[in-house]
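K.L.:
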Amino acid sequence: MSSAVSPAFRTVLVTGATSGIGWETARLLAGRGDTVIVHAPDQASGDDAVTRLVAAGTDVLRLRLVVADFSRLDEVRAMAARVAEEHPVLDVLVNNAAVAAPERRTVTADGNELSLQVNFLAAYLLTRELAGPLSARPGSRVVNVSSSMHRTASIAWSDPHRAKRYSSGAAYAQSQLALTIAAREQAPWTSVSVHPGVCDTGLLRLYAHEGDSALQGAECVVRLCDPATGLVPGAYYDRRALSPAAPVAMEDRTVRRLCKLADRLVGAKSA
Numbered sequence: 715m716s717s718a719v720s721p722a723f724r725t726v727l728v729t730g731a732t733s734g735i736g737w738e739t740a741r742l743l744a745g746r747g748d749t750v751i752v753h754a755p756d757q758a759s760g761d762d763a764v765t766r767l768v769a770a771g772t773d774v775l776r777l778r779l780v781v782a783d784f785s786r787l788d789e790v791r792a793m794a795a796r797v798a799e800e801h802p803v804l805d806v807l808v809n810n811a812a813v814a815a816p817e818r819r820t821v822t823a824d825g826n827e828l829s830l831q832v833n834f835l836a837a838y839l840l841t842r843e844l845a846g847p848l849s850a851r852p853g854s855r856v857v858n859v860s861s862s863m864h865r866t867a868s869i870a871w872s873d874p875h876r877a878k879r880y881s882s883g884a885a886y887a888q889s890q891l892a893l894t895i896a897a898r899e900q901a902p903w904t905s906v907s908v909h910p911g912v913c914d915t916g917l918l919r920l921y922a923h924e925g926d927s928a929l930q931g932a933e934c935v936v937r938l939c940d941p942a943t944g945l946v947p948g949a950y951y952d953r954r955a956l957s958p959a960a961p962v963a964m965e966d967r968t969v970r971r972l973c974k975l976a977d978r979l980v981g982a983k984s985a
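Pasting the structure below:
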């Protein structure tokens, strides 16, 4: 179990921090004294998120804004390069950005199914691109905000973009399973995945008609960011409890196979 001692004030990057769980996570972490790098998909939503954070009592000096559209992998790389340059030490990366898969199959300019890219491939690439800052100080963490829906999913290995048989539910669930599996890859930092609960966010319609508040979900995420919380590397948490992930996510060969697939989908473009 990982429980390395970290400095009192840390640097944390939260993706998808303009609304919902991501915004509340950024607010809570900044309130603890951390420097929070707020990721937004565009400048306007980022400026609005920062304005609302400050209005909610956040110290503006604790906030940094970065912008990248995760449906464009070149923007993910550019954002990672900026973060690495400005923050050579990164204590926590929260991979929270997510979209619901559209009803009609949508392919990005990079050639990937939209939800697979935004929800998983962008996080996978970002984590790799930030390996230097994440390795700079002992005790760093990567928290993948996943979903209980990963239990309903399978990886379409021969057709990950679902060209032959597409459904929005299956595509979204696949992206969450991939994110859960990726947390088990061996790295110099401690990675985990977490289902923050069914929360009243933009993704609520995928789960139910009502749910917990975004703040309640964020509290589950922030707990895993806290150096005082011991983590089981590669583990999956359901809200605050350690929970078994889907059996396929626990197979070492599946982790290797997924990383090989992800490297093919993003690696050739970054070579």
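Residue numbers (our numbering): 715 to 985. From the three backbone atoms N, C-alpha and C, an ideal C-beta is built for every residue, glycine too.
(1) Can you pull the DSSP bridge partners for R778?
(2) Evaluate contact between the stretch 771 to 778 and the stretch 815 to 835, counting only Cβ atoms and requiring at least three cross-stretch pairs below 8 Å.
(3) For R855, report the span of its beta strand (DSSP E) as first-last.
(4) Report back the beta-carbon spacing between V856 and I735 to the nearest angstrom; my notes put them in contact at under 8 Å.
(5) According to DSSP, simplified to helix, strand and coil, what is Y950?
(6) According to DSSP, is A792 helix, strand or coil?
(7) Determine, using beta carbons only, whether F784 and V832 come nearer to each other than 8 Å.
(8) Give me the Cβ distance between T749 and T725, rounded to the nearest whole Å; I'm assuming they're in contact under 8 Å.
(9) Considering only residues of the same chain and omitting the five flanking positions on each side of A718, which have a CB-CB separation below 6 Å?
(10) Can you round the beta-carbon distance between S882 and A815 to whole angstroms, since I take them to be within the 8 Å contact cut?
(11) Note down the Cα distance separating G990 from A850, rounded to an integer number of angstroms.
(12) How far does the beta strand (DSSP E) with T866 in it reach, from first residue to last?
P.N.:
Let's see:
(1) I751
(2) no
(3) 855 to 859
(4) About 16 Å; that fails the 8 Å criterion.
(5) strand
(6) helix
(7) yes
(8) 5 Å
(9) Its pLDDT being 46, under 50, A718 is placed unreliably in this model, and the value from its coordinates should be taken loosely. Excluding residues within five positions, the ones whose Cβ falls inside 6 Å are P852, G853.
(10) 4 Å
(11) Residue 990 is absent from the structure shown; the chain starts at 715 and stops at 985.
(12) Element bounds for T866: n/a, residue is neither H nor E.
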